[in-house]
Amino acid sequence: MAPRIQLEKAAWRWVESVKPEEIGQQHIELAYRVNLPACKRGACRRNCKGNPNCLVGIGEQAWLGEIDENAFHNIDDPNSERRDKNTFVGLTNLGATCYVNTFLQVWFHNLELRWTLYQCHNPRAQEHNLESDYEPESICEHLQYLFALLQNSNRKYIDPSGLVKALGLDTGQQQDAQEFSKLFLSLLEDTLSKQKDPNLQNIIQRQFCGQFSYVTVCNQCGRSSALPSRFYELELNIQGHKNLTECVTEFLKEEKLDGENRYFCESCQSKQSATRRIKLHSLPPTLNLQLMRFVFDRQTGHKKKLNTFISFPEQLDMGPFLEGKEDQKCVYELSAVLIHRGISAYSGHYIAHVKDARTGDWYKFNDEEIEKMEGKKLQLGIEEDIAETVKSQTRKPKCSKGYHCSRNAYMLVYKVQEEEESSDPSRTNVQVPAFLQRLVDQDNHKFEEWCSEMADMRKQSVDKGKAKHEEVKELYELLPTTDGEPYEFIPLDWLKKWLDDSTATKEVDNSLFLCSHGKLHPDKVGDSKRVSMQAAELLYERYGGGPRLDESSLCSECVGQRCRVLRLKNQLNEDYKEVSNLVKRTLSGEGYWVGKASLRSWRQLALEQLEEDEHGTKYSNGQTNGLGPHISSRDFGSELSEGNEDDMKTFNEDIVCTHGGLSILETERKLVSSEVWNKLRVYFSKAPEFNQNQESCHQCLTLEQEEKDNEAVSKMMALDQKNQLLNLFHEKNRPTLSKWPQGSDVLYVVPLFFVDEWRKFIRRPTKSSPVSNVGNTLLLCPHGGFMFTYDSLIGGDAQHIALLWPNEWEVISRLFIVDQAISIHCFTQTTPGGPSPRFTTQPDLCWECRESFLFQQQRDLREYTQATIYIRKVIEDKRMIKEAAPEMTASSSEAEEEKEEHPKVDGERDPDFSQQTALVQKTKEDLADPDFPDDSLSETTWCQSQDGAKRLKLCDDGAVSAPAVPVTNMSNMTKLGGIRRSTRHRKLRGEKALIVSANQTLKELKIQIMHAFSVAPFDQNLSIDGKSLTDDSATLGSLGIIPECIICLKADEPIADYAAMDDVYQVRMPEEGFKGTGLLGH
């Protein structure tokens, strides 16, 4: 079938020769493509959307032919969750709890520990009513129930969330596995110590506890002192070693105590050089050897993993390492290897290889997945195939028979070798007690019910699918129509969803396909399909819906409208050429006013409107270019009279004034002949019409005359005010506070904003509004007190005010409304050092509001987000060479700002310059103030802060606002009469900008610096203004770090191996460990 666009063109090709009034039924059927041939199966790869008779490729392929019943459901076989015969049960990983799962599996395979836990007294489990779920409370109860499920559950894996929740562990955070092992065994030991049976109280000690002593020998007198101690695992250093024997030997080796580390000898009664070593006295039946893979890295200040290969035997003889007790059994067999996959100490995955004590088979426990090793041998395999941390790859050393080699093993578990006849059968074949088996049977019963429920759901889905299969085969054969038979239209999307078994079939909805006449819209034919009346009856009977669209739903009105529009589009180019020629002719006879902008763009406007009408849409704002419903000319905004062609939507709207009459702007319109106007009206039948005798809008003419009169009054007013305040306007002979004028004991104060607005009016009286109010209350606090001191005005606050001579104030008081007079008085006070001038203000200074603002300003400097600070790297306690030179990357505009610019001396200042100087001199602290106003400054505005202090915006439109209150930090403030400089920070070589927040800690800042400078946090020495920053937990705000400040960085030494910092890049927050969990008694 031809493409959709070609089908649409072919459906309307007849309009070129048929007028709208000549349309017949055959033309309507052509427009709705009723007679297009239907596509056959195999002829179309996908459905032809332009052909309503194409029923191929709508999803029927999945239903025609034989279907596998598994396609009718997405439910997995519940038996896949069932435990395989002669295998163990896995544990669900709750997010990052793989380290917990590995130890639980290792402890479960300790038969002595499992048997002991089963013997613990548990009245809650024994008396539990099976009608409700059993919920253990104590750690012992949780472990007891978990072990029973691991032993006799029918599930492939079980959920340990009860135990994890009881311990208070964070399931989303991976913790130190070795620390977890120590803390959990300690907690279990404490819990079992409360049992009444003595044999149960010390099972942890009997299984895991050995004894050694620290023996110290004085080199002076030879006195030997021993400090006995117990251990539950031996922590072996692996750095620099190749095998387990070397690690144990180093653990027991002699250590010299000399120098500052000398030993205090009781016999000598003084510090003496000595030797110290560890003596092993007894070993437990289960020997846990912790390989210290996770060590503290001094350079990064964090843990890192040692990926060192260590060789260890399947059979370990500890006899050579024991002191005395020759009758003790010293030969151990390897029973478990705990593995950590990954190169980082802060991420990775934990698994365990465990030997079945009853059969001798090795199993790999990987959370839910359990794999039996072949040949009753330990096979570490892929656990060693990880990425290297350094460029030079380390080859795996060859292992002798009976030995294994690993760079990921972090814990080895050895069991003492026992003779077969000496083993207790009840301890090797541990049975679940009856009271626990009841609970396991209850859980197994729930699992079987779940399996049965899933099987029923699968069966229901299959039965439903088979019924749908028969329905589709029956109805799809009835869908095609034949010539002369009645038919209906059904939405294509509905048919696709009906054939898509994954979604529920809803009722048929044709409401979106209707035109404004309540019939089928011609444009929606491509999204619907023509089906037989018999098939439609069955579909509506089973699924309902509507409205139903049959052959009587073909809309002749829409077809006629489309025919007219298409004919006009074809005729548009010819009419455009003709109108262009007619406009050039000399006008004779009656004429009509047409907007020049409309005349320039009328073809584009007509084309847009025709295209809208062709698709049955209108502009969202109701304007229809004169073709739609009548629009009142009063709806046109005043801006339309300016002839903006880009914004124009309606023809001739550009000569309609705001009152709906003819615009008074004769230059924006053109007189055209009636012949031109008649051709334009064909396209814009509702456009505003004005003949040549139409008078311009009387209201607009009246307003125009009033505006001219007002401009004349404003010019006279401006000239009069300028003559009376000539020096103020030209800024000549101005008083200054730094040099109080002789012969005057009082100066008056007004806001600089008032003076600037007044000058603006004087310069352009017809474009600016006259100033009526001085607005001195803007310089006062809510209590009516003045907000400036004489010293602060000298220091720079004078940039917000203007000083007036007394005679100027008299004129100001006469010409403008004065809300509050503000003056500065100078008087002479006699002091021991002689007479000196003193200054007062009227009204007096309000100390309360001034101090409140200063406090608020300081607080704002401590509470910021997303602010910029600069880190400058220094070498040998000196800032980098060429520090004074800006970076070469500085823009030319920045370089221009560095040029010094001398303003005119007092009395000769540029009237446009005073305000700009005040703005350039604004400090960055003010701009960073979150309370600082930044709205449009077309009028004077106050901003009220939380403590009641006010701030004033004193600038023109588009300028940066400046507060009308004193600024405490004057380091970046240029004093009056000084040199104007840029306040933008100059980045230097070796300096980088960082984005920080006040509540960020110093440690988090050091990590940012590490990314920017490749200097580890441990090697960073930071300082600000000579003060060292050392408290990593302190926030930047509390350390006095404010926006735009410069922090100096001095690195102790460069780090050559950046790969060693991998762990630090992954750490963002301080380690909490098991703080707050049940392992620490919380």
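Numbering (UniProt numbering), first residue to last: 1 to 1082.
Cβ atoms here follow ideal geometry from the backbone N, Cα and C, with glycine treated the same way.
So is the beta-carbon of Ala597 under 8 Å away from any non-hydrogen atom of the ligand MG? The model depicted lacks the ligand MG and carries no ligand whatsoever.
With a 10 Å radius around its C-beta and 16 neighbouring C-beta atoms as the bar for buried, classify Pro765 as buried or exposed. On the sequence shown, position 765 is the one that residue 765 refers to. Looking at its Cβ environment, which holds 16 or more other Cβ atoms inside 10 Å, Pro765 is buried.
Can you tell me whether DSSP reads Ser744 as helix, strand or coil? For the purposes of this step, residue 744 is identified with residue 744 of the sequence shown, where counting begins at 1. Note: Ser744 maps to coil in three-state DSSP.
Check whether the segment 552-565 and the segment 584-591 touch, using three or more Cβ-Cβ pairs below 8 Å as the test. no
If you follow the alpha helix (DSSP H) that Thr249 is in, where does it begin and where does it stop? Locating residue 249 in the sequence shown gives position 249, where the first residue counts as 1. Residues 244-252.
Mind checking residue 1095: buried by the 16 CB within 10 Å criterion, or exposed? Residue numbering for the chain in the displayed model covers 1 to 1082; residue 1095 lies beyond these limits and cannot be assessed.
Counting along the chain, where does the beta strand (DSSP E) carrying Thr831 start and finish? By 1-based counting over the sequence shown, the position of residue 831 is 831. It spans 823-831 - the beta strand (DSSP E) in which Thr831 sits, taken as one unbroken run.
Report the rounded CA-to-CA distance for Lys454 versus Glu448, giving the unit in angstroms. Taking the sequence shown and counting its residues from 1, the one referred to as residue 454 is at position 454. Taking the sequence shown and counting its residues from 1, the one referred to as residue 448 is at position 448. Strictly speaking, residue 454 in this sequence is Met, with Lys absent from that position. In this model, Met454 and Glu448 are separated by some 10 Å (Cα to Cα).
With DSSP run on the structure shown, which of helix, strand or coil describes Glu233? Counting from 1 along the sequence shown, the entry for residue 233 is found at position 233. In the structure shown, Glu233 sits in coil (DSSP, three-state: anything other than H, G, I, E or B).
I'd like to know if the segment 203-215 and the segment 267-286 are in contact, where contact means that at least 3 CB-CB pairs between them fall below 8 Å. Judged by Cβ distances under 8 Å, the segment 203-215 makes contact with the segment 267-286, as three or more pairs qualify.
Using a threshold of 9 Å, state whether the C-beta atoms of Asn773 and Asp720 are closer than that. Your numbering for residue 773 matches position 773 in the sequence shown. Your numbering for residue 720 matches position 720 in the sequence shown. No. Outside cutoff.
In DSSP terms, what Thr841 is bridged to: By 1-based counting over the sequence shown, the position of residue 841 is 841. Answer by DSSP bridge pairing, in chain order: Ile824.
Check whether the segment 398-415 touches the segment 301-318, counting contact only when three or more Cβ pairs, one atom from each stretch, lie closer than 8 Å. Pairwise C-beta distances place the segment 398-415 in contact with the segment 301-318, as three or more of them are shorter than 8 Å.
Taking the DSSP output, what are the residues bridged to Asp317? Numbered from 1 along the sequence shown, position 317 holds the residue referred to as residue 317. According to DSSP, Asp317 bridges with Val331.
Whole angstroms are fine: how far does the CA of Asn93 sit from the CA of Asp159? Position 159 of the sequence shown, counting from 1, holds the residue named residue 159. Position 93 of the sequence shown, counting from 1, holds the residue named residue 93. Near 8 Å, if we compare the C-alpha coordinates of Asn93 and Asp159.
For His302, which beta-bridge partners are listed by DSSP? As a position in the sequence shown, residue 302 is number 302, starting the count at 1. Answer is Asp297, bridged to His302.
Which value, in whole angstroms, describes the spacing of the CA atoms of Ile801 and Thr777? Here residue 801 refers to the residue found at position 801 of the sequence shown. Here residue 777 refers to the residue found at position 777 of the sequence shown. About 12 Å.
List the endpoints of the continuous beta strand (DSSP E) containing Val996. Mapped onto the sequence shown, residue 996 falls at position 996. Start and end: 991-996.
Under the three-state DSSP convention, the category Met20 falls into: Numbered from 1 along the sequence shown, position 20 holds the residue referred to as residue 20. According to the sequence as given, residue 20 is Pro; it is not Met. Residue state, collapsed to three classes: helix.
Is Phe651 helix, strand or coil when you go by DSSP? Here the question's residue 651 lines up with position 651 in the sequence shown. It is coil, neither helix nor strand.
Would you list, in sequence order, the uninterrupted alpha helix (DSSP H) runs of no fewer than 4 residues that lie entirely inside the segment 717-797? 726-730, 752-763, 790-795
Between Lys584, Ser138, Lys1027, Asp176, which lies nearest to residue 1088 when the distance is taken from Cα to Cα? What is shown of the chain runs 1 to 1082, which leaves residue 1088 out entirely.
Closest Cα partner of Ser674 within the set Gln692, Phe684, Tyr683: In the sequence shown, the residue the question calls residue 674 occupies position 674. Nearest C-alpha to Ser674: Gln692.
Between the Cα of Leu188 and the Cα atoms of Asn199, Gln178, Gln175, Ile203, which residue gives the shortest distance? Counting from one through the sequence shown, the residue named residue 188 turns up at place 188. Comparing Cα-Cα distances from Leu188 to each of Asn199, Gln178, Gln175, Ile203, the minimum goes to Ile203.
Going along the chain, which unbroken runs of the beta strand (DSSP E) with 3 or more residues stay wholly within the UniProt domain "Ubiquitin-like" (996-1047)? 1020-1024, 1027-1029
Pairwise C-alpha distance: Gly795 and residue 1104: The first residue shown for the chain is 1 and the last is 1082, placing residue 1104 beyond what the model contains.
Rounded C-beta distance between Tyr157 and Tyr145? I'm assuming under 8 Å. The residue labelled residue 157 in the question sits at position 157 within the sequence shown. The residue labelled residue 145 in the question sits at position 145 within the sequence shown. The Cβ separation is near 15 Å, so there is no contact.
Taking 9 Å as the threshold (beta carbon to beta carbon), is Leu306 in contact with chain B? Any reference to chain B falls outside this structure, which holds one protein chain only.
When DSSP labels each residue in this structure, what does Lys391 get in the three-state scheme? Working through the sequence shown from its first residue, we reach residue 391 at position 391. Unreliable positioning characterises Lys391 in this predicted model, as indicated by a pLDDT of 41, which lies under 50. The coordinate reading is nonetheless provided below. Of the three classes helix, strand and coil, the one that applies to Lys391 here is coil, per DSSP.
Going along the chain, which residues of its own chain have a beta-carbon closer than 7 Å to the beta-carbon of Leu306, five neighbours each way excluded? Within the sequence shown, residue 306 is the residue found at index 306, counting from 1. The answer, listed in chain order, is Ile238, Gln239, Arg293, Val295.
Which residues mark the beginning and the end of the beta strand (DSSP E) in which Ile351 is found? Here residue 351 refers to the residue found at position 351 of the sequence shown. Counting along the chain, Ile351 sits inside the beta strand (DSSP E) bounded by residues 349-355.
Can you tell me which of the three DSSP states Gln6 falls into? Here residue 6 corresponds to residue number 6 of the sequence shown, with the count starting at 1. DSSP places Gln6 in helix when its eight states are reduced to three.
Roughly how far, in whole angstroms, is the beta-carbon of Arg530 from the beta-carbon of Thr481, given that I think they are within contact range, below 8 Å? Taking the first residue of the sequence shown as 1, we reach residue 530 at position 530. Taking the first residue of the sequence shown as 1, we reach residue 481 at position 481. The Cβ separation is near 6 Å, so the contact holds.
Determine the burial state of Thr216: buried for a count of at least 16 other Cβ atoms within 10 Å of its Cβ, exposed for fewer. The sequence position of residue 216 within the sequence shown is 216, counting from 1. With 16 or more Cβ atoms within 10 Å of its Cβ, Thr216 is classed as buried.
For Ala336, which of helix, strand or coil comes out of DSSP? Taking the sequence shown and counting its residues from 1, one reaches residue 336 at position 336. Ala336: strand per DSSP, three-state reduction.
Classify Ser400 as helix, strand or coil using the three-state DSSP reduction. To locate residue 400, count along the sequence shown from 1; it is residue 400. Three-state result, Ser400: coil.
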